[in-house]
Ligand code: NAD
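Residue numbers (the working numbering): 149 to 558.
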């Protein structure tokens, strides 16, 4: 399998060609501060004990405590977690929130576990990493196949170990346990704000635009809902099992209701494969599943005008170059999906204050952060005459290196 961290190195090589970075700076940017690699036991329902393999990578903490989600997926590996942690450090810097970057993962197919086994797995993972996490050290959150309920079990486990309440140790919690209003759809809402700013720059309106969305979990389902409500024609969506397509636009509220009731996407439009979905002629393609979905081999088949990266790392560096040549604009992950970590930050602030905001307040603040971040990236990309991705990278890297210098670490 492709080592995802090699993508990070390739991306930094590209940045070097545009911005002036020394070997020392590149060395600092590619070296995680801490890597935790654990195995831990989980009692299964049949009484047997299974050992699971998990990771936590804290990439860079120059700007604040590290922050990043936890992924439960069978293909989780160190290269992937390291890359996701690196992207988190950059993402927090792009939106200028006072965090470094981290990521965690457990190699597991959660669909094969019962709810009780999943709870024991979540608790077991926290038991094995609790010393390195905490509201002022490293703050986890949900990612692929982890949910607010899983965050609740993790919070409970952590608090029972340390013997006191500390809701700010994890974000993406249920509202009843100190979660923030709006966190559930914040990644997609943030992406929608970024898209809207870009459309303003090119003098376009979202209404009537054709959209395809890959992945129909947290990020994918909410962006489909938001863009449908804006009058876009969402013509295709997919999850890990199936894709559906309707040239006239899918009934997204109906699809959402059906998927939440049955867990299935079937019953709407025509069946479509994931690779067919990616090559549909659309205005906006939203990869919202996993990394490396648009790679060298299929980049030529992409027929979209704009790619809004809600997933992390969905476009490989080789594919990125091919898309740029074709004039396809990529609104990059570290900007486009930063709404999630931004509202996680708001959740943490509310937890530290013990005082909670209305949903309108959260969305108003999110809109301000995303709009300003888009503009900061736009200014940087114009200054360096480069892509949105390179602009976002340069902006973030300069902010991280400035913090490193001020700390006397560079
Ligand atoms: P999720 O678990 O809620 O949903 C994942 C979705 O992807 C599911 O619908 C699943 O069926 C689908 N999927 C999995 N493999 C697929 C495949 N090969 N082809 C098509 N679909 C596939 O996860 P999520 O939180 O929505 O995360 C999706 C992406 O967004 C990830 O890259 C994640 O890192 C990124 N992201 C999420 C957040 C967040 O707040 N949830 C924030 C930033 C970035």
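We put the CB at the ideal spot given by N, CA and C, even for glycine.
According to DSSP, residues forming a beta bridge with residue i
i: residue 393; result: 384, 418
i: residue 184; result: 204
i: residue 568; result: With the chain covering only 149 through 558, there is no way to say anything about residue 568.
i: residue 289; result: 217
i: residue 252; result: 204, 218
Reduced DSSP secondary structure (H/G/I, E/B, other) of residue i
i: residue 149; result: With a pLDDT of 48 at residue 149, under the threshold of 50, the predicted position of this residue should be treated as unreliable, though the coordinate-derived value follows. Correct three-state label for residue 149: coil.
i: residue 460; result: coil
i: residue 410; result: helix
i: residue 370; result: helix
i: residue 479; result: strand
i: residue 278; result: helix
i: residue 548; result: helix
i: residue 350; result: coil
i: residue 523; result: helix
i: residue 424; result: helix
i: residue 445; result: helix
i: residue 331; result: helix
i: residue 468; result: helix
i: residue 265; result: helix
i: residue 164; result: helix
i: residue 199; result: strand
i: residue 315; result: helix
Residue i at chain C interface by Cβ criterion, 8 Å
i: residue 242; result: Judged by its chain identifiers, the structure shown contains no chain C, having just a single protein chain.
Among the options, nearest to residue i - alpha-carbon criterion
i: residue 353; options: 431, 265, 241; result: 431
i: residue 558; options: 156, 161, 175, 154; result: 175
i: residue 481; options: 306, 288, 465, 500; result: 465
i: residue 235; options: 221, 222, 209; result: 209
i: residue 438; options: 403, 388, 449, 454; result: 388
i: residue 488; options: 288, 167, 190, 526; result: 288
i: residue 335; options: 362, 543, 368, 326; result: 368
i: residue 331; options: 545, 543, 496; result: 496
i: residue 238; options: 180, 422, 198; result: 180
i: residue 359; options: 233, 341, 385; result: 385
Inter-residue CB distance, residue i and residue j (contact presumed, cutoff 8 Å)
i: residue 211; j: residue 551; result: 5 Å
i: residue 370; j: residue 333; result: 4 Å
i: residue 320; j: residue 327; result: 7 Å
i: residue 383; j: residue 397; result: 6 Å
i: residue 362; j: residue 296; result: Actually they are not in contact, since the Cβ atoms of residue 362 and residue 296 sit about 23 Å apart, beyond 8 Å.
i: residue 478; j: residue 455; result: 5 Å
i: residue 291; j: residue 217; result: 3 Å
| field | Distance cut 6 Å, beta-carbon to ligand 1 heavy atom: residue list by chain order | value | Taken from the N-terminal end onward, the list reads 290, 291, 292, 293, 335, 362, 363, 364, 365, 366, 367, 368, 386, 387, 388, 422, 436, 437, 438, 458, 459, 460, 485, 488.
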